[in-house]
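Each step along the sequence shown adds one to the number in this note's numbering, with nothing skipped, and position 144 is 146. For every residue, glycine included, the Cβ atom is placed at its ideal position computed from N, Cα and C.
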Amino acid sequence: MDINSEQVEVLVKQCQDESPFGTKAFKELVVLFQPSVHRFCYNYIKNDNDAEELTQSIFLKVYHNIKNFKFDSKFKTWLYRIAMNQCADLYNRKKKQNKLKQEMMEYRNDVAPKETHAEKLSLQDDIGSYLHKMPDSEREILILRFYEDLKVKEISETLGISLSAAKMRLSRAIEHFKILYDP
């Protein structure tokens, strides 16, 4: 769905005018952006339940902070910045929890058997698993570019970096992914 920037700007201004009690314009923004935000969250986290909760959390955060939106950037880039931060927070929390669980299992000498060669090959077919092996900054830029189909300029605005820095990070992330995927 191609979302007209001018229409979005009008809706955001209406949200700011309606805030904190009116929700009509905000509901329209949610209808416009919820599918892409959910898709972004799912591609980042790879868990539909977590993606659903994150999407709700992101729009709640947007609702409470939309009055502070200054139109210095596009609403879409501001929204994706919030989504990226929320996803990164959850991802890092889960990574810490998994590390703790693994340490506890090792402590109890309850380590699962090693993966078979066939299991390793099936894992190699899952691109998402390779994305999750990459550093957060590289994973984020690849998801924004290839899953969310953002242009490099939009990525630079979302990440708050220069256009040349976005191009360089994207190029490096692609090269790193190629190395991981096809050693």
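Check                                                                                                                                                                          : Outcome
How is leucine 152 classed by DSSP in three states: helix, strand or coil?                                                                                                     : coil
Which residue wins for smallest C-alpha separation from valine 14, given the options Phe71, Glu140, Asp52?                                                                     : Phe71
To the nearest angstrom, how far is the alpha carbon of glutamate 85 from that of arginine 41?                                                                                 : First, the residue type needs correcting, since residue 85 is alanine and not glutamate in the sequence shown. Alanine 85 and arginine 41: Cα-Cα distance of roughly 11 Å.
Locate the alpha helix (DSSP H) running through leucine 164, then write down its first and last residues.                                                                      : Here residue 164 is serine; the residue named in the question, leucine, does not match the sequence. Serine 164 -> no alpha helix (DSSP H), and no H or E assigned at all.
With a CB to CB cut of under 7 Å and the five nearest residues on each side skipped, what residues in its chain are close to lysine 69?                                        : Gln18, Ser21
So is valine 12 buried or exposed if we call it buried at 16+ other beta carbons inside 10 Å?                                                                                  : exposed
Are serine 164 and serine 158 closer than 8 Å when you measure CB to CB?                                                                                                       : yes
Thinking leucine 92 and valine 64 are a contact (beta carbons under 8 Å), I'd like their distance in whole angstroms, please.                                                  : So it is not a contact: roughly 17 Å between Cβ atoms.
For the alpha helix (DSSP H) containing asparagine 45, list its first residue and its last residue.                                                                            : 26-47
Would you call the CB atoms of threonine 25 and cysteine 43 closer than 8 Å?                                                                                                   : no
Work out the CA separation of threonine 160 and aspartate 184 for me, nearest whole Å.                                                                                         : 29 Å
Excluding the 5 residues preceding and the 5 following valine 154 in the sequence, name in chain order all residues of the same chain whose CB lies nearer than 8 Å to its CB. : Arg147, Leu165, Ala168, Lys169, Leu172
Just to confirm my understanding: we take glutamate 140, look at its own chain, exclude 5 residues before and 5 after, and list those with CB closer than 8 Å. What are they?  : Arg171, Arg174, Ala175, His178, Phe179
Less than 8 Å between the CB atoms is what I'm expecting for cysteine 89 and tyrosine 46, so what's the real figure, rounded?                                                  : 4 Å
Taking 7 Å as the limit between beta carbons, can you name the residues of its chain near glutamate 8, skipping five residues before and five after?                           : none
Please classify leucine 62: is it buried, with 16 or more other beta-carbons within 10 angstroms of its beta-carbon, or exposed?                                               : exposed
What span of residues does the alpha helix (DSSP H) with lysine 63 cover, start to end?                                                                                        : 50-67
Phenylalanine 179 by DSSP, collapsed to three states: which one?                                                                                                               : helix
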